[in-house]
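Have a look at the structure below, then the notes.
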Amino acid sequence: MGSLYIHIPFCQCRCAYCDFFSTTQHQLKDAYVQAVCAELAMRKDQLPTPFIETIYLGGGTPSTLSIAQLEQIFEQIAKHYNLSTLRECTIECNPDDITPQYLSGIKQTPINRISMGVQSFNDAELKLINRRHNATQAIKAVELITQGGIENCTIDLIYGLPNQTMKTWQNNLQTALSLPIKHLSAYHLTYEEGTAMYKLKDMAVSEEISCLFFDTLLSTTTQKGMHAYEISNFAYPGYQSQHNSRYWQQKPYLGIGAGAHSYNGFNKRSWNIADLTQYLNGINQNSRKFEVEYLTDNDVYNELVMTSLRTKEGVALSKLKGKYLPYFLKQAQKHLKNGTLILTDTHCCCTPKSWFISDGIICDLMV
Ligand code: SF4
Numbered sequence: 150m151g152s153l154y155i156h157i158p159f160c161q162c163r164c165a166y167c168d169f170f171s172t173t174q175h176q177l178k179d180a181y182v183q184a185v186c187a188e189l190a191m192r193k194d195q196l197p198t199p200f201i202e203t204i205y206l207g208g209g210t211p212s213t214l215s216i217a218q219l220e221q222i223f224e225q226i227a228k229h230y231n232l233s234t235l236r237e238c239t240i241e242c243n244p245d246d247i248t249p250q251y252l253s254g255i256k257q258t259p260i261n262r263i264s265m266g267v268q269s270f271n272d273a274e275l276k277l278i279n280r281r282h283n284a285t286q287a288i289k290a291v292e293l294i295t296q297g298g299i300e301n302c303t304i305d306l307i308y309g310l311p312n313q314t315m316k317t318w319q320n321n322l323q324t325a326l327s328l329p330i331k332h333l334s335a336y337h338l339t340y341e342e343g344t345a346m347y348k349l350k351d352m353a354v355s356e357e358i359s360c361l362f363f364d365t366l367l368s369t370t371t372q373k374g375m376h377a378y379e380i381s382n383f384a385y386p387g388y389q390s391q392h393n394s395r396y397w398q399q400k401p402y403l404g405i406g407a408g409a410h411s412y413n414g415f416n417k418r419s420w421n422i423a424d425l426t427q428y429l430n431g432i433n434q435n436s437r438k439f440e441v442e443y444l445t446d447n448d449v450y451n452e453l454v455m456t457s458l459r460t461k462e463g464v465a466l467s468k469l470k471g472k473y474l475p476y477f478l479k480q481a482q483k484h485l486k487n488g489t490l491i492l493t494d495t496h497c498c499c500t501p502k503s504w505f506i507s508d509g510i511i512c513d514l515m516v
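Okay, so the sequence shown: first residue is 150 according to my numbering, each after it adds one.
Structure below.
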């Protein structure tokens, strides 16, 4: 089965830490939705199967689209794909877009999961990173989502912010876990060049503090009954993200929209141009602007190690073909001896505690 990712690049304003492709040219939304529909038709045979398991509308801020625009996209998807196998359909939303009317519109579409970028429940932290909402709005939005009948709600938090203390981080986690969410994604702040946050990079928290924040994240989510299934992702039983899990299992997906990436599940990645005008012109002239990369066997091995070791299952040994299995086991020896890696008959994985230092382990295992 396949997955669809639809990129909706519109945002009301730029968050200080964000380097995703997004734009504030809202007057182009109608033209963009039409282009997305045209691209869906143009590329309808590019997945190995018409049966779709997951759809993810990411951004940008997909909740800046109207219900009519969302319906237009889903009508087009239904024309070209078989949705009888659809298990999960996620839309990313901003808290201040969530209203009872919007939710009742969403309920008329295949969407059954909402991912909300909350980032913090501390108003000073929200202001620092230039989020549009405040903590009260975020709490209200989660409540509205569940009252509106969409029980599968996940939120994003950021940790390691300048001046963030253990107390404010614990408070963010406690507030998040007191809400009726099913899943939590928590990412350490990275200072990306070109973002407003980059100017504050000298205020980055120390590695020691980062480790303590991560330990607190692990222990607090575990105490609440969530399980850590990836370095940044925590879920109550049965609520792991199906869509993201497919990325980590190297399954095929088709990315539609400006800047969207696709993967054939084997050795080919491609990505649309991350420029709104050029994307629209390309689609309108029936000459989509994109780039392609063919992966070598070494690339495939490196990607497998990099993504799998950040998941609870770890690397499936059956996926390491030919020379790669003995190479992997040789490189893993040091980490198996010191207990940061665990080897079973079928898999090799990090312990959750060693996830935070997994970059170093992954480096040792790569070719
Ligand atoms: S809303 Fe999301 S995509 Fe848009 S600027 Fe903020 S973090 Fe980036």
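Quick reminder that beta carbons are idealized off the backbone N, C-alpha and C, glycines included.
Check whether the Cβ atoms of residue i and residue j lie closer than 8 Å to each other.
i: K331; j: N301; result: yes
i: C167; j: T344; result: yes
i: G408; j: A423; result: yes
i: L458; j: L466; result: no
i: F362; j: W318; result: yes
i: N421; j: Y428; result: yes
i: A290; j: M315; result: no
i: W397; j: T456; result: yes
i: L514; j: Q480; result: yes
i: C160; j: T210; result: yes
i: L252; j: G297; result: yes
Please classify residue i as buried or exposed, where buried requires at least 16 other C-beta atoms within 10 Å of its C-beta.
i: R236; result: exposed
i: M352; result: exposed
i: H392; result: buried
i: N447; result: exposed
i: T369; result: buried
Answer yes or no: the CB of residue i versus the heavy atoms of ligand 1, is any distance below 7 Å?
i: C512; result: no
i: R163; result: yes
i: N261; result: no
i: N312; result: no
i: F270; result: no
i: S171; result: yes
i: N243; result: yes
i: T210; result: yes
i: G404; result: no
i: G266; result: yes
i: C238; result: no
i: C167; result: yes
i: C186; result: no
My understanding is that residue i touches residue j, with C-beta atoms under 8 Å, so please give their C-beta distance in whole angstroms.
i: I222; j: V185; result: 6 Å
i: T239; j: E202; result: Actually they are not in contact, since the Cβ atoms of T239 and E202 sit about 12 Å apart, beyond 8 Å.
i: H337; j: S355; result: With 8 Å as the limit, H337 and S355 do not qualify as a contact, their Cβ atoms being about 12 Å apart.
i: K461; j: A377; result: 7 Å
i: Y308; j: Y154; result: Their Cβ separation, rounded to whole angstroms, is 26 Å, which puts Y308 and Y154 out of contact at 8 Å.
i: I288; j: C164; result: Actually they do not touch by this definition, with Cβ atoms about 19 Å apart.
i: Y432; j: A217; result: Going by the sequence as given, residue 432 is Ile instead of Tyr. Not really, about 20 Å apart at Cβ, beyond 8 Å.
Query - Segments assigned alpha helix (DSSP H), at least 4 residues, entirely inside the stretch 224-255 - result: The qualifying runs are 249-255.
Report task. Any chance you could list the alpha helix (DSSP H) runs of at least 4 consecutive residues sitting entirely within the stretch 270-309, in chain order? Result -> With a minimum length of 4 residues, the continuous alpha helix (DSSP H) runs that stay inside the stretch 270-309 are 272-277, 284-296.
Query raised in the report: Going along the chain, which unbroken runs of the alpha helix (DSSP H) with 4 or more residues stay wholly within the stretch 310-339?
Result: Qualifying alpha helix (DSSP H) stretches, in chain order: 315-327.
**Report entry** Whole alpha helix (DSSP H) elements within the stretch 343-383, 4-residue minimum
**Finding:** Those alpha helix (DSSP H) runs which fall completely within the stretch 343-383 and span 4+ residues are 356-372.
Query - Segments assigned alpha helix (DSSP H), at least 4 residues, entirely inside the stretch 473-498 - result: The qualifying runs are 473-486.
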